[in-house]
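Peer 1: Before anything else, here's the structure in question.
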Amino acid sequence: MTEPIGVRAAGAQRTRQTLLTAAAAVFVEQGVNAPMRAIACHAGVGVGTVYRHFPTRAELVVAVYRHQIEECAALAPRLLADPMAPVEALSRWIDAFVEFLVTKHGLGAALQSEDSSLQSLHTLMLDELVPACGSLIDAGVAAGEIDSDTTPYVLMRAIGNLCVLGPGYGREDARAMVDRLLVGCRRREVGGGESAET
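If you're matching positions, the sequence shown starts at 3 in the working numbering and goes up one per residue.
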């Protein structure tokens, strides 16, 4: 007897969610270039099941991180609505972005990759995160707190580079370097050589 379409669809959705959960866990342990077989094993399915749901690694990577990227983007307007200095709002958003990058092993490198197969991840970043960061920078520039030469794409790309972890360079090192980067984005007084309040 053939299963009703609704039952099959629900089963496929459960399998997809299981795969996404497994992939997220494996990515944290092994990075976004982890073998698909490791993800299948973690999910308790055959590797063919992974490929039926996600024909390419890039599709799987984007699916795993889409919700978290959208949450990071949605944080920007919430911070701007709070009664705090725009530079503080930008700093808090960058903290969340850095936490996302450094706890998702390999994502920072994936975001910076020129691999054409990861173009959809670049597109998601551009569509969701760059405008969010840009809104915070614009508010900081308007308040005279952020240097007007600061652009969201370049800032985020620099942060992404600083968040590629490796031997002798861990999470706290990345956070410290990003803090130094943000100090450099502060507006400086013209002529006096004094930096704005930090």
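Even glycine gets a Cβ: it sits at the ideal position worked out from N, Cα and C.
Looking only at its own chain, which residues have a Cβ that is under 7 Å from the Cβ of Q70, when we skip the five neighbours before and after it?
Peer 2: As a working mapping, residue 70 is identified with position 68 in the sequence shown. For Q70, where only same-chain residues beyond five positions count, the Cβ hits under 7 Å are F102.
Peer 1: Hey, could you find the ends of the alpha helix (DSSP H) M158 is sitting in?
Peer 2: Stepping through the sequence shown from its first residue, residue 158 is reached at position 156. P154 to L164 is the span of the alpha helix (DSSP H), which, as asked, contains M158.
Peer 1: Taking the continuous alpha helix (DSSP H) assigned at T58, which residues delimit it?
Peer 2: Working through the sequence shown from its first residue, we reach residue 58 at position 56. Here T58 belongs to no alpha helix (DSSP H), and DSSP marks it neither H nor E.
Peer 1: Using the rule of at least 16 other Cβ atoms within 10 Å of the residue's Cβ for burial, across every protein chain shown, is L164 buried or exposed?
Peer 2: Here residue 164 is taken as the residue at index 162 of the sequence shown, counted from 1. Buried: at least 16 other Cβ atoms inside 10 Å.
Peer 1: Which word fits M86, buried or exposed, when buried means at least 16 other C-beta atoms lie within 10 angstroms of its C-beta?
Peer 2: Within the sequence shown, residue 86 is the residue found at index 84, counting from 1. It is exposed - the Cβ of M86 has fewer than 16 other Cβ atoms within 10 Å.
Peer 1: Please state whether DSSP places R189 in a helix, a strand or coil.
Peer 2: As a position in the sequence shown, residue 189 is number 187, starting the count at 1. Coil at R189, not helix or strand.
Peer 1: Can you tell me which of the three DSSP states G195 falls into?
Peer 2: What you label residue 195 is simply residue 193 of the sequence shown in a count that begins at 1. Low confidence applies to G195: its pLDDT is 47, below 50, so where it sits in the model is not reliable, and the reading given next is rough at best. Reduced to three states, the DSSP call for G195 is coil.
Peer 1: Do the CB positions of P79 and S137 come within less than 9 Å of each other?
Peer 2: What you label residue 79 is simply residue 77 of the sequence shown in a count that begins at 1. What you label residue 137 is simply residue 135 of the sequence shown in a count that begins at 1. Contact flag set, yes.
Peer 1: So, helix, strand or coil for G48, using DSSP?
Peer 2: Taking the sequence shown and counting its residues from 1, one reaches residue 48 at position 46. In the structure shown, G48 sits in coil (DSSP, three-state: anything other than H, G, I, E or B).
Peer 1: Can you tell me whether G13 is helix, strand or coil according to DSSP?
Peer 2: Here residue 13 is taken as the residue at index 11 of the sequence shown, counted from 1. G13 falls in the helix class under three-state DSSP.
Peer 1: Could you check what DSSP says for G146 in three-state terms: helix, strand or coil?
Peer 2: Start at 1 with the first residue of the sequence shown, and residue 146 comes out as number 144. Three-state result, G146: coil.
Peer 1: By Cβ distance, which residues of its chain are closer than 7 Å to V100, with the 5 residues on each side in sequence left out?
Peer 2: The residue you call residue 100 lines up with position 98 of the sequence shown. Correct list, in chain order: I161, C165, A176, R177 and V180.
Peer 1: Excluding the 5 residues preceding and the 5 following A12 in the sequence, name in chain order all residues of the same chain whose CB lies nearer than 8 Å to its CB.
Peer 2: For this step, residue 12 is matched to residue 10 along the sequence shown. Counting only Cβ-Cβ distances below 8 Å, and skipping sequence neighbours, we find nothing.
Peer 1: Taking only the alpha-carbon atoms, compute the straight-line gap between A83 and G186 and give it to the nearest angstrom.
Peer 2: Stepping through the sequence shown from its first residue, residue 83 is reached at position 81. Stepping through the sequence shown from its first residue, residue 186 is reached at position 184. Each residue's alpha carbon lies about 25 Å from the other.
Peer 1: Would you check if the distance between the CB atom of G168 and the CB atom of T152 is smaller than 9 Å?
Peer 2: If you number the sequence shown from 1, residue 168 lands on position 166. If you number the sequence shown from 1, residue 152 lands on position 150. No, the Cβ-Cβ distance between G168 and T152 is not below 9 Å.
Peer 1: Contact defined as beta carbons within less than 8 Å: I believe V66 pairs with A91. What is the distance between those atoms, to the nearest angstrom?
Peer 2: Your numbering for residue 66 matches position 64 in the sequence shown. Your numbering for residue 91 matches position 89 in the sequence shown. Not quite, the Cβ-Cβ distance comes to about 28 Å (not below 8 Å), so this is no contact.
Peer 1: Quick one: grab the DSSP three-state call for Y168.
Peer 2: Position 166 of the sequence shown, counting from 1, holds the residue named residue 168. For the record, residue 168 in the displayed sequence is Gly; it is not Tyr. Three-state result, G168: strand.
Peer 1: State buried or exposed for V52, treating a residue as buried only when at least 16 other CB atoms are found within 10 Å of its CB.
Peer 2: As a working note, residue 52 is residue 50 in the sequence shown. Classification for V52: buried.
Peer 1: Select from A14, E174 and N35 the residue whose C-alpha is nearest the C-alpha of D117.
Peer 2: Within the sequence shown, residue 117 is the residue found at index 115, counting from 1. Nearest C-alpha to D117: N35.
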